[in-house]
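The sequence shown begins at 7 in the working numbering and counts up by one.
A virtual CB, placed ideally from N, CA and C, is assigned to each residue, including glycine.
Small disclaimer: the values here were computed from a predicted structure and weren't measured.
Input: a single structure, listed below in C-alpha cells.
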Amino acid sequence: MTPSLVPGSAVTQFAVLDALLAGAYESGIRVSEVRRLGDFGLGCVDHLGGEVVILDGAVVECTVDDAPASMLDDEVLPFAIACRFPVLAGTTVRDRDLTGFAASVEAGLVSRNLFHAVRFDGVLSRVLVRVTPRQHHPLPPLSVVTDHQVETHVRDIRGTLVGFWTPAIYQGIAVAGLHLHFLSEDRSVGGHVLDLAVEHGDLRVAPFARFELRLPTDDLFLRTELTHADDHRIVAVEGGGAGAA
Numbered sequence: 007m008t009p010s011l012v013p014g015s016a017v018t019q020f021a022v023l024d025a026l027l028a029g030a031y032e033s034g035i036r037v038s039e040v041r042r043l044g045d046f047g048l049g050c051v052d053h054l055g056g057e058v059v060i061l062d063g064a065v066v067e068c069t070v071d072d073a074p075a076s077m078l079d080d081e082v083l084p085f086a087i088a089c090r091f092p093v094l095a096g097t098t099v100r101d102r103d104l105t106g107f108a109a110s111v112e113a114g115l116v117s118r119n120l121f122h123a124v125r126f127d128g129v130l131s132r133v134l135v136r137v138t139p140r141q142h143h144p145l146p147p148l149s150v151v152t153d154h155q156v157e158t159h160v161r162d163i164r165g166t167l168v169g170f171w172t173p174a175i176y177q178g179i180a181v182a183g184l185h186l187h188f189l190s191e192d193r194s195v196g197g198h199v200l201d202l203a204v205e206h207g208d209l210r211v212a213p214f215a216r217f218e219l220r221l222p223t224d225d226l227f228l229r230t231e232l233t234h235a236d237d238h239r240i241v242a243v244e245g246g247g248a249g250a251a
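Structure, rendered in C-alpha cells:
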C-alpha cells in the first residue's frame, strides 16, 4: 500500500491515558461530539463507570450493572478515540490466540509510525473482557480502579473487535500497540479485551496519517502535571497485548 491510499481523515482522541493513570478524569467530551468525529472507536464511561465501543455510528456503553446499551447525546466520555472507518477489503483470520491475532494485525500495518484502526467481525471461541465500576471523589488513579474491575469470560460468541494499533512513540498519550474492545452481535456482553481466541472472521486494518489530540480544560486536569514515567504502569492496568481505557 502506498501513502496515497492512507485515508485523508484523522484519528481523533480526547484526553490522554496518563491523565486516567493520574486520576484526572473529571470532565469529558459529549457523545454528540464523538459522533461528529467518527463512526468507529472506543473510550470509557463517565467517572470510569464502564467501557465504550463506537461501532457503525452507535456509541455503546458496557457497564457493571447492565447489558451494553446505546448512550445519549448529552452523556460524556472522559477518554475517547474515534475515526471514520473506510471501506476496504478484509483478510480472513482463523484459529488465532491474542498473540497470533496481534501478529495478524501487525502483518497488515502500512508503517509502524502510523495509527491504524482495527476491526474484526466474526466468531471468537473465547473472549475475556473487563468493565470498571463508576468512581467517586476523590477520584482514584486507573491502577486502583482496575483492582475492582469485573471480568466476564464467554465462549463461542459472534461479535466485533474494535480497536487501534498505536505507534510506540505515543505510549502514555494512548496505549502503544494493540488496544481492543469487544461488543457481541446480540449486545449481551462487551468491554475491554484482556484475552481472546479467534475462531474465524474478517479482519480489516485501516492506516491513518493524521492524529488529532483534544485535551480537557477542567480544573483538575489543568492542575495535574502529567509526567510519563514507566511503561509498566500501562501494562499493569491494560493487560496482555491489548490495552484499553
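Using a Cβ distance threshold of 7 Å, residue 74 and residue 34 do not count as a contacting pair.
DSSP lists 47 and 65 as the beta-bridge partner residues of residue 60. Look at the beta carbons and you see the region 135–155 not touching the region 118–127: under three pairs across the two are nearer than 8 Å. Taken through DSSP and simplified to helix, strand or coil, residue 91 comes out as coil. The alpha-carbon separation between residue 92 and residue 45 amounts to approximately 10 Å. Three or more beta-carbon pairs separated by less than 8 Å link the region 194–210 to the region 98–111, which places the two stretches in contact. Within a 10 Å sphere around the beta-carbon of residue 60 sit 16 or more other beta-carbons, which makes this residue buried.
Per the DSSP secondary-structure output, residue 33 pairs with nothing in a beta bridge. Residue 23 carries a helical assignment under DSSP once its states are collapsed to helix, strand and coil. Measuring C-alpha to C-alpha distances from residue 14 to each of 130, 244 and 216 identifies 216 as the nearest. The beta carbons of residue 198 and residue 67 sit no closer together than 7 Å. Contact annotation: residue 173 and residue 29 have beta-carbon atoms that are not nearer than 7 Å. Around the beta carbon of residue 165, a 10 Å sphere encloses 16 or more other beta carbons of the protein chains shown; the residue is thus reported as buried.
Looking at the DSSP output, residue 165 bridges to 128 and 190. Exposure of residue 144 is indicated by the presence of fewer than 16 other C-beta atoms within 10 angstroms of its C-beta. In terms of Cα proximity to residue 227, the closest of 32, 40, 16 and 20 is 32.
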